[in-house]
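Novice: Residue numbers (the numbering used here), protein chains in the order written: chain A, 1044 to 1261; chain B, 717 to 1072; chain C, 464 to 623.
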Amino acid sequence: MTLLDFARGPGFQIALVILLVGIVWRILGAVAIRFSKDLTKPRGGKQSIRGGLKAILTYSAPPHELEKNIKFQHYTGYAWHIGLFVVIFLFGPHVFFFENILGFGWPHLPNAVIMVTGIVTMGILVTLLIRRMIHPVLKVLNNADDYIAWTVTFLPLLTGTLAFYHLGARYETLLALHILSIELLMIYIPFSKLMHMFMVWPSRFRTGSDFSRRGVEA
Amino acid sequence: MLGNMPEKQTLGEILEQQGVSRRGFMKFCATITSMMALPPSMVSAVAQSLENAKRPSVIWLPFQECTGCTESFTRSHSPTIEGLIFNSISLDYHHTLQAAAGHAAEDAKHQAMEANKGEYLLLVDGSIPVGNPGYSCIAGMSNEDQLMEAAEGAAAIVSIGTCAAFGGIPKAKPNPTGAVAVRDLIKDKPIINVSGCPPIPMVITGVLTHFLTFGSLPELDHEGRPVAFFGQTIHDRCYRRTFYDRGLFAESFDDEGAKKGWCLYKLGCKAPTTYNACATVKWNQGTSFPIESGHPCLGCSEPDFWDKGGFYEPLSATAFGPTSALLAAGAAGAALGAASAYAARRKQKKAQESQT
Amino acid sequence: MSGIRDIGVRVETPLPEDHSFGNVRPILHEVLHALERLADTGEPTTIDLRALPFGPGEEERLEEALGTGEVAIRMEALGESRIVECAFPGVWLITHYNSHEEIMARLIEIAEVPAIIRAESRDMRAGAASLRRRLEESGREHESTDAATPQPHNTTHETG
Chain A
1044 MTLLDFARGP GFQIALVILL VGIVWRILGA VAIRFSKDLT KPRGGKQSIR GGLKAILTYS
1104 APPHELEKNI KFQHYTGYAW HIGLFVVIFL FGPHVFFFEN ILGFGWPHLP NAVIMVTGIV
1164 TMGILVTLLI RRMIHPVLKV LNNADDYIAW TVTFLPLLTG TLAFYHLGAR YETLLALHIL
1224 SIELLMIYIP FSKLMHMFMV WPSRFRTGSD FSRRGVEA
Chain B
717 MLGNMPEKQT LGEILEQQGV SRRGFMKFCA TITSMMALPP SMVSAVAQSL ENAKRPSVIW
777 LPFQECTGCT ESFTRSHSPT IEGLIFNSIS LDYHHTLQAA AGHAAEDAKH QAMEANKGEY
837 LLLVDGSIPV GNPGYSCIAG MSNEDQLMEA AEGAAAIVSI GTCAAFGGIP KAKPNPTGAV
897 AVRDLIKDKP IINVSGCPPI PMVITGVLTH FLTFGSLPEL DHEGRPVAFF GQTIHDRCYR
957 RTFYDRGLFA ESFDDEGAKK GWCLYKLGCK APTTYNACAT VKWNQGTSFP IESGHPCLGC
1017 SEPDFWDKGG FYEPLSATAF GPTSALLAAG AAGAALGAAS AYAARRKQKK AQESQT
Chain C
464 MSGIRDIGVR VETPLPEDHS FGNVRPILHE VLHALERLAD TGEPTTIDLR ALPFGPGEEE
524 RLEEALGTGE VAIRMEALGE SRIVECAFPG VWLITHYNSH EEIMARLIEI AEVPAIIRAE
584 SRDMRAGAAS LRRRLEESGR EHESTDAATP QPHNTTHETG
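1. According to a CB-to-CB cut-off of less than 7 Å, which residues of the region 559-593 of chain C neighbour chain B?
2. For a contact meaning CB atoms closer than 9 Å, what does C/Pro489 contact in chain B?
3. Among the residues of its own chain, which have a CB less than 6 Å from the CB of A/Ala1219, if the five just before and after it don't count?
4. For chain B, find out if any of its Cβ atoms is closer than 8 Å to the Cβ of C/Arg524; answer yes or no.
5. Counting only beta-carbon atoms, is A/Val1195 nearer than 8 Å to chain B?
6. What residue from B/Ala855, B/Gly931, B/Gly1026 has the CA that sits closest to B/Glu822's CA?
7. Hey, would you say A/Arg1256 sits closer than 8 Å to A/Lys1089, going by beta carbons?
8. Under three-state DSSP, which class holds B/Ser1056?
9. May I ask you to verify whether the region 974-984 of chain B touches the region 929-938 of chain B, counting CB pairs closer than 8 Å and requiring at least 3?
10. Kindly indicate which residue of A/Phe1055, A/Ala1058, A/Val1074, A/Ile1057 has the alpha-carbon position closest to the one of A/Ser1246.
11. Is B/Glu977 close to chain A? Criterion is C-beta to C-beta, closer than 8 Å.
12. Taking C-beta pairs closer than 8 Å, name the residues in chain A that B/Phe965 reaches, listed in chain order.
13. When DSSP labels each residue in this structure, what does B/His810 get in the three-state scheme?
14. To the nearest angstrom, how far is it from the Cα of B/Thr796 to the Cα of C/Gly542?
15. Tell me which residues share the same chain as B/Ser794 and place their Cβ nearer than 7 Å to its Cβ, disregarding the 5 neighbours each side in the sequence.
16. At least one CB of chain B closer than 8 Å to the CB of A/Ile1226: is that the case?
17. Return the residues of the region 1212-1246 of chain A that lie within a Cβ-Cβ distance of less than 8 Å from chain B, sorted by chain order.
18. To the nearest angstrom, how far is the alpha carbon of A/Phe1207 from that of A/Val1060?
19. With burial defined as no fewer than 16 other Cβ atoms inside 10 Å of the residue's Cβ, what is the status of B/Val910: buried or exposed?
20. Are the CB atoms of A/Val1183 and A/Tyr1231 within a distance shorter than 8 Å?
21. Can you grab the Cα-Cα spacing for the pair C/Ala497 / C/Gly505, in whole Å?
22. Look up C/Met538 in the DSSP assignment and give the residues it is bridged to.
23. Under the rule that 16 or more other beta-carbon atoms within 10 Å means buried, what is A/Met1165, buried or exposed?
24. Just to confirm the assignment, what range does the beta strand (DSSP E) spanning B/Ala870 have?
25. Give me the DSSP bridge partner(s) of B/Trp675.
26. Relative to the C-alpha of A/Ala1155, which candidate in B/Gly963, B/Gly1049, B/Asp904 has its C-alpha closest?
27. Rounded to whole angstroms, what's the CA-CA distance from B/Ser1004 to B/Cys1013? Just pull it up for me.
28. What separation, rounded to the nearest whole angstrom, lies between the Cα atoms of A/Met1242 and B/Ser968?
29. Check distances from the C-beta atoms of the region 540-552 of chain C to those of chain B and list, in chain order, the residues that come in under 7 Å.
30. Within a Cβ cutoff of 7 Å, which residues of the same chain sit near A/Leu1133, ignoring the five residues on either side of it in sequence?
31. Tell me the rounded alpha-carbon separation between A/Phe1147 and B/Ser1009.
32. For B/Lys1065, is the classification buried or exposed, using 16 other Cβ atoms within 10 angstroms of its Cβ as the cut-off for buried?
33. By Cβ distance below 6 Å, which residues in the same chain neighbour C/Ala550 in space, the five residues on each side in sequence not counted?
34. Between which residues of its own chain and B/Cys879 is the CB-CB distance below 6 Å, once the five residues before and five after are set aside?
35. Rounded to the nearest angstrom, what separates B/Phe890 and B/Ala871 at their Cα positions?
36. Residues in the region 882-894 of chain B with C-beta within 9 Å of chain C's C-beta atoms, listed in sequence order?
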């Protein structure tokens, strides 16, 4: 079995199992935590779904009092996330991959656009890594999770670009490395800060829902 | 066919005897230089080598094959140019092509092998069934025995076609005959793999001509295929590449995109991972090749191409296993996750109960 | 037996006239550089058209772009070869056919005269020997007839 056959076959299946086990375990674990029932009566609004949903939207932008402090982080953060999604979901061969699994596809962008987006995204990621390493506050806060998460996010972009341009090794090897790097990412997600991609939604919802309750908490 | 020309004459002498003029010879050299994918500036070097080359003895053993490779090779012949190549080699044995058969023919083969021991070129097409030798025999002798016997005195072996080079269609799951490639059995001789199902006729001729002209084997890639013809993927030389880059794909056969000649990636084209010369040399004297005729590349010059997922599944979707397997993996993941969450919750309940 | 070319084909959605697969212009540039090199230094160049990934109809468009000049040569050696000077003197389009009218090789040669047209000294010497033999034989014939009827020689020729 070649490296590519492994990456596409058993490698992907194992990674998918681990990813799904991890996601369900962590989400259910967080959501199904038992809370003792609050017996006090709220004086104003109560916990509401509306409040929760509103929070998901409003927390997407930083509070305007802090905006000017974190402008750089805010915009570059969004920029590279959007770039990543464009590359993952709007590249032709990726769309066909999803279509094969889901049964439906969607329109895609020309390859040149995707390649430019990918390279810009990688540039932003490198910039943010450097920032993280020299910023006086971040320097102290960084832990292994931060660096590993950056690496497993960066590698698929890098290997994908190399594979597309046939740089550095045979195409089949580069493609296998690209798929393996994604499998590495899949395995790492449930056990790291990358879970924020799933946690952020119930988390914001819970916060917003709680905050819409006016009253004493007991 | 059973070489009646004296083999110690040089090729130049043979051609002169056949009444080939200087211009004819230079035309021949220009053609075969092109066939060997060498730059035109090498024509005079080729001419010089060819003039002084000796006629090599060639033995062709057909094994578990469909005869497509022999057909491909002989299809390229006409009484003039390639016919000269055919006559330039001394094809001392070709079981399918020759009229003779039986013990006398087999004896003639053995004589040729003895007379040219260590120097003859062994050509093989078809895979070798090792599951049961009875699946494919010639004159009562199994393919495997024939191969081992003939390989012993050969200077080099050319595996013609994907079956001989990599196992081909007989090797596809579940491989009922136990088919293997030449390189799985022979470990101590240089092997050139001329893969393809069948290989492009000119590629076969080009490889033989290289041996004829230079007396050596051409440069080979990681699968033992001549780099001159298998050095690039079809994708990298495809005239429809601009459509791939612009993201213009045909969605189904004969739809608008297909009629406009758009890229066939979505219809299952394996060109990005297939190394062959189809996009430049093409088929039928440069008439066309599968993609130009509207059909995605099957990847027929690659090992195990029959088992690489569907011919009509896009490359990025193939070989991840059937969707059912992925869904099963997903379901297993979800179930395990739910079970562990439930266990955690119970543990928490226990802890709470023990507190109160 | 009718050939592939006799099968009727109708193209349903032909590509627009100006659609390019990207081969014609680069080849023309290569020809230009080679031609200038030839004019400056006398160095000839040959371009093998075999190795290029032409799209459908592109080879024809290249031929159109090259055009035809004043010279067209038909050579018969191991099948026909057609050598045509293009609209640019010094640029020759060579097509080698086998005896079944199948194209064996296609080249663009940028040279004063295509190398294959030149008579080789070996061929010339062989031809001269053959001509000499012919003259000697016909000379001997004439001598035997001359003995009966003396004829004035009205052609100058070299003896010996």
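From the three backbone atoms N, C-alpha and C, an ideal C-beta is built for every residue, glycine too. Every value quoted in this text rests on a predicted model; they were computed, and no experiment measured them.
Specialist: On the basis of the data shown:
1. For the region 559-593 of chain C, the beta-carbon criterion of a distance under 7 Å to any beta-carbon of chain B is satisfied by His559, Asn561, Ser562, His563, Glu565, Ile566, Met567, Ala568, Leu570, Ile579, Glu583, Arg585, Asp586.
2. Chain B residues near C/Pro489: none, gap ~13 Å exceeds 9 Å.
3. Closer than 6 Å at the Cβ level, and outside the excluded window around A/Ala1219, lie Leu1046, Leu1047, Ala1050.
4. Residue-level contact by beta carbon fails for C/Arg524 and chain B, as no gap is shorter than 8 Å.
5. no
6. B/Ala855
7. Contact flag set, yes.
8. Three-state DSSP puts B/Ser1056 in a helix.
9. The count of Cβ pairs closer than 8 Å, one atom from the region 974-984 of chain B and one from the region 929-938 of chain B, stays below three, leaving the stretches out of contact.
10. A/Val1074
11. It is Gly, not Glu, that sits at residue 977 of chain B in the sequence shown. Chain A contact via Cβ: absent.
12. Gly1135
13. strand
14. The pLDDT assigned to B/Thr796 is 49, lower than 50, so where the model puts this residue is not dependable, and the model offers no usable value.
15. Legend: pLDDT at B/Ser794 = 44, less than 50; position of this residue unreliable, value from coordinates given subsequently. Taken in chain order, the list of residues that qualify is empty.
16. Checking the sequence, you will find Glu at residue 1226 of chain A rather than Ile. At least 8 Å separates the CB of A/Glu1226 from every CB of chain B.
17. Arg1213, Tyr1214, Glu1215, Leu1218
18. 28 Å
19. buried
20. no
21. In a straight line, the C-alpha of C/Ala497 is about 10 Å away from that of C/Gly505.
22. C/Ser544
23. buried
24. 870-876
25. No statement about residue 675 of chain B is possible, as the shown extent of chain B runs from 717 to 1072 and does not include it.
26. B/Gly963
27. 13 Å
28. 40 Å
29. Ala540, Leu541, Gly542, Ser544
30. His1151, Leu1152, Ile1157
31. Roughly 28 Å separates the two Cα atoms.
32. exposed
33. Gly530, Gly532
34. Glu781, Gly842, Ser843
35. As written in the sequence, residue 890 of chain B is Pro, which differs from the Phe given in the question. Computed Cα separation, rounded: 34 Å.
36. none
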